[in-house]
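All remarks here apply to the structure that follows.
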Amino acid sequence: MSGMKEVLKDAVLLVLPSLSPDVTNQLVEKLMDQGVEGLDDLVYVKEDDILEFIRPIQCRKLLSSWKNQEHQNCTVVLPPAEVLPSVPPETNTTLGSPPSSSSRPTSSSLASASVTHSWTENFQVPWNLMPDGIKSAVENGQRPSPSDRRQMIRILADEMRKHDKNPTRSQCLTVSRKIVSQYPKSFADMLGDKQVGGGYESVFSQLKVRIEHLNRTNTLSHHRIQRSDTGTTRKRSSTDSYGCTRWQPDLPPRETYDSLEVKRQKMEEMHLHEGISGAERGDVCKLMEETYWLQRHMINATPSPTIADIKTKWPYLFTQRHIYGHFEQLTDKKVLRCLELSIQECGQIIIEFFKSKPTSDDIRSILSRGENDVDAMVIQLLLAHFKEKLDGVFLQADEFATPSDVQHSLNLPESPRLIFLGQSLSNQCWMLSLEGQIVCEGAQPNFITGLAALFASFYNFNLQYQEEAACTLEFVQRRFVDINPERGSKAKKGKMTSKKTGQVVQKKNATVSPPVSSLLRKLADFEWNFV
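Residue numbers 1 to 531, in UniProt numbering, belong to the letters of the sequence shown in order.
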């Protein structure tokens, strides 16, 4: 049944990419128990059939997509008595060897089948046609060169289009997973010894881009039905808990809501007498740790409280120390330490990469300025590479400005911004703004402490990355802070402005943003040669 399960998983995750693996498996099992034998059967599924596993809005998204989407290119073939076995995730197939006869359906079984078998289930990657560099890399468990990899993608796309001129996203995903599962050492997306997301995003992204390029004048490529924006109010979703290990923890032993509320009120009283300086007191730090459950209880409430409401109840939560502390309890990551170590480890490599391949005038300009602060230079280079503007995440104000001055002189957006006081980003005092209000003033005047507070705020307060800096923030998340969930994204969904055309387009769901995946892959190749 594994072949059928994988196809149904793809059908679910294409619509709900952030669904957890456990829930996805339970949902697929339920669909099969209800009698779903192929993707064509999904149009008959009702909300009551799957409501026990997912929320009502998620149900409606699935059912709407399944009813509206064209499935003629993704149907599955099932013999009457059994499901054909899928390709195993690890194989020892010799390069260029043909598929065994046992893996192919017989003509008699096909004749008696009730639906048509998807060609991707038996698709064989044409390793015998690949360049020698690819063959050598997979045999020796090494990473292929970028040029060999591009040639592999071209050959693969041509071979797939022999079966279908315009393979669907689901079909490209299936083939990409096969390649990565068969040769993970050569093709899996890795950061050091850790896998990024599902590991197959960069192969999938390259393959889909190649097929879209080949079909750019083909009317078939324009016949995919897009899901419409329902305009419904956003409810608590997996985006909020994305990357968190203790998003909504259990009530601590021997504590009640009332006992924790007493502790909260005690801190509120301390703040009235001592102000923000009380945040460094040992008893305040202890109380902040003990009341973590109550903090999450308020932040995760529906409807979402405003930042102003949270700050009124939890003033110390908006100090540098406790922004870091809350993030550590939430994710098991020391955000400042992660950033310091990661940029120390690979910051210079990133700079050398852009020196060797400056992709824009903005990058050349940043490099020519010779910024002394490696941390600030790296982030500016990333913003320039992803074609994201500096003010999408950083703002600058007068060196002697107060929080009130900044709020009156700058048009602060709703999404988080880090404001530096002075003419540069290095060694300057900073402030953090959320929902158009200054909520925190930095204790140390340097770039990396401000970046840590800014990044932590997205997780602490259930915020999505703003479109203006989504790729840079995701790169920081994956490469520097080492938060790499296999499903979901912290970036906003729905419509976005294309950086290539300037037009409003429907944003595609992806576990790892294709531009981020591409840069991570290129840096891995560069680092391999650089070291």
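In this text, a Cβ means the ideal position worked out from N, Cα and C, and glycines have one as well.
All values reported here derive from a predicted model rather than from experimental measurement.
Counting only the Cα atoms, Ser64 lies some 30 Å from Val516.
Under the three-state reduction of DSSP output, Lys490 falls in the coil class, being neither helix nor strand. Proximity to Asn128 across Lys194, Thr511, Phe353 and Ile155 peaks at Ile155, based on C-alpha coordinates. Runs of the alpha helix (DSSP H) spanning 4 or more residues and lying entirely within the stretch 394-422 occur at 403-409, in chain order. Short of 7 Å from the beta carbon of Val406, and not among the five residues preceding or following it, lie these beta carbons of its own chain, in chain order: Ala397, Ile419, Met431 and Ile438. Closest in alpha carbon position to Asn484, among Glu261, Ile54 and Val196, is Val196. Sequence-distant Cβ neighbours of Glu527 in its own chain, meaning closer than 6 Å and more than five residues away, are Ile349. Under the three-state reduction of DSSP output, Gln195 falls in the strand class.
Linking Glu290 to Pro253 through their CA atoms gives a straight-line distance of about 11 Å. Beta-bridge analysis with DSSP links Ile366 to no other residue. For Leu434, the pairing in a beta bridge is given by DSSP as Gln437.
With respect to the 8 Å criterion, Val180 and Val203 are classified as neighbours on the basis of their beta carbons.
Here DSSP, grouped into helix, strand and coil, assigns Tyr183 to coil. Gly450 is classed as buried because its beta carbon has at least 16 other beta carbons within 10 Å across all chains shown. Leaving aside the five residues that flank Lys313 on each side, the residues in its chain whose CB is nearer than 8 Å to its CB run, in chain order, Arg264, Glu268 and Met298.
Taking the Cα positions, His385 is about 49 Å away from Val262. If you draw a straight line from the Cα of Leu317 to the Cα of Leu251, it is about 19 Å long.
DSSP places Met130 outside both helix and strand once states are collapsed to three, so it counts as coil. Of all alpha-carbon atoms in Ser241, Phe187 and Gly275, the one lying nearest the alpha-carbon of Ile134 is that of Phe187.
Residue pairing by DSSP puts Tyr465 in a beta bridge opposite Ala491. Considering only Ala443, Pro56, Val7 and Gln26, the residue with the shortest C-alpha distance to Glu280 is Ala443. Excluding its 5 nearest sequence neighbours in each direction, His271 has C-beta neighbours in its own chain below 7 Å: Gly278, Pro315 and Tyr316, listed in chain order. Relative to the Cα of Arg417, the nearest Cα in the group Tyr292, Gly370 and Ala470 belongs to Ala470. Met190 is bridged by DSSP to Gln195.
Taking the CA atoms as reference points, Ala157 sits about 12 Å from Thr168. Per the coordinates, the alpha-carbon of Gln380 lies some 10 Å from the alpha-carbon of Glu371.
Ile54 sits in coil when the DSSP states are folded into three classes, being neither helix nor strand. Asp309 counts as exposed, since fewer than 16 other beta carbons sit within 10 angstroms of its beta carbon. Look at Phe123 here: in three-state DSSP terms it is coil, with no helix or strand label. For Leu454, the closest alpha carbon among the candidates Gly392, Thr402 and His408 is that of Gly392.
Proximity to Phe461 across Pro305, Gly199, Ala376 and Leu207 peaks at Pro305, based on C-alpha coordinates.
Only residues of its own chain outside the window of five on either side were considered, and among them Gln329 and Leu330 have a CB closer than 7 Å to the CB of Arg246, listed in chain order. Your pair Thr239 and Lys9 does not check out as a contact, with CB atoms roughly 20 Å apart and the cut at 8 Å.
Val12 is a Cβ neighbour of Leu27, given a cutoff of 8 Å. Less than 8 Å separates the beta-carbon of Ser457 from that of Leu434. Spanning the alpha carbons of Arg60 and Val45 requires a straight line of approximately 11 Å.
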